[in-house]
Amino acid sequence: MQDGGNAGFLSTQDDLAGSTTASHENGHGLVYRNESNTVDTAHTISGQDEKTAPSIMTARGAKVNSKWSDKSGKMNPNTRRVNNADVNNMLRNVRFTKSGKGQIGRTTNTIYTENGAKKTN
Amino acid sequence: MEQRKQIRLLQFFLFFLIILQSCETKEKKETKKLEINQNWISDSLGCLNKRNENLAKKMILKYKLKRSSKEKFINFFGKPNDVEKDGNVLILVYYLQTICTNNSINESSDKCYARFYFGKNRLIDQDYICE
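Residue numbers (numbering that gives the first Met the number 0), protein chains in the order written: chain A, 0 to 120; chain B, 0 to 130.
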């Protein structure tokens, strides 16, 4: 998904029906920014203890508590959940007007080809 | 006669000064080049979180890379992590925000990508996407 854009593509090789991949990608379009890190990142580190499920914006392949991981020790994408911090991180750079309107992300109207490349003409 | 000699000496001195100044300016430019794109190049796998969209856009402006050739682009951005082809368009792919273990990329992990599109060996487009 574009980082803060309204376009992207999904790979059918991902477990789209069973995992949280689609929601995670949507989060990128909503300009998710991790505010807990000193660097500006589009993913977060979470799910380090067994009480808190990994955030929806945790990267696949991240090391998490065994409760949220698969046999290889990497995060099981089905365990990701949207939490309050996720919503805050998506809204933190949005400026709202007095009437309560704000723009999240940008419209790029990009079309991607079946190979995942941006259509250039 | 003496005066002529002095003028010649002065001319020679000025010439030497100009050469020296030009060498210094060139050296300064080289140092600046290293400072600006050093973060990008040093994060060659994308796992140090030094690469990002803003830096890439700044580098394109600074080095005047809009519509530049692939060779000139690589000179400033370094070797791409991947190269793709879509019809006649060549795409140089640079990884951002990867997860690494022992200095090598965890291939199955989510990444972000900066992709630069070249048509007829000219930079024609770019996009920034995340998995």
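For glycine and all other residues, C-beta sits at the position ideal for the given N, C-alpha and C.
Would you please verify whether the beta carbon of GLY118/B is less than 8 Å from any beta carbon of chain A?
-> Yes, because at least one Cβ of chain A sits closer than 8 Å to the Cβ of GLY118/B.
Nearest neighbour of ALA113/B, chosen from SER67/B, TRP39/B, LEU13/B [CA to CA] = Selected option, being the one with the closest Cα: TRP39/B.
At a CB-CB cut-off below 7 Å, which residues of chain B make contact with ASN114/A?
-> In chain order: ASP85.
Which listed residue (PHE8/A, SER54/A, TYR31/A) has its alpha carbon closest to that of THR19/A = Minimum Cα distance to THR19/A is reached at SER54/A.
In terms of residue numbering, what span does the beta strand (DSSP E) encompassing LYS84/B cover?
-> 81-85 is the extent of the beta strand (DSSP E) around LYS84/B.
Please determine if the region 42-53 of chain B and the region 89-98 of chain B are in contact, where contact requires at least 3 C-beta pairs separated by less than 8 Å.
-> When Cβ pairs closer than 8 Å are counted between the two stretches, the region 42-53 of chain B is seen to touch the region 89-98 of chain B, the count reaching three or more.
Relative to the C-alpha of LYS63/B, which residue among ARG3/B, ASP126/B, SER41/B, ARG121/B is closest?
-> Ranking ARG3/B, ASP126/B, SER41/B, ARG121/B by CA distance to the CA of LYS63/B puts ARG121/B first.
Which residue from LEU60/B, GLU130/B, GLU70/B puts its Cα closest to that of PHE117/B?
-> For PHE117/B, the nearest C-alpha among the options comes from GLU70/B.
Helix, strand or coil for ARG121/B, going by three-state DSSP, please let me know.
-> ARG121/B sits in a strand when the DSSP states are folded into three classes.
Could you check where the alpha helix (DSSP H) with LEU54/B kicks off and where it finishes?
-> Annotation: the continuous alpha helix (DSSP H) that includes LEU54/B extends over 52-61.
Bridge partners of PHE115/B, per DSSP?
-> Paired residues: LEU91/B, GLN125/B.
DSSP puts ILE104/B in a beta bridge; with which residues?
-> Partner(s): CYS99/B.
Per DSSP, cross-strand counterpart(s) of SER54/A | Paired residues: ARG80/A.
7 Å Cβ cut-off: residues of chain B touching GLY7/A | Contacts between GLY7/A and chain B, judged by CB atoms closer than 7 Å, involve ILE128 in chain order.
Taking GLY26/A as the reference, give the member of ARG94/A, MET89/A, TYR111/A with the closest Cα.
-> Distances from the CA of GLY26/A to each of ARG94/A, MET89/A, TYR111/A were compared; the closest alpha carbon is that of MET89/A.
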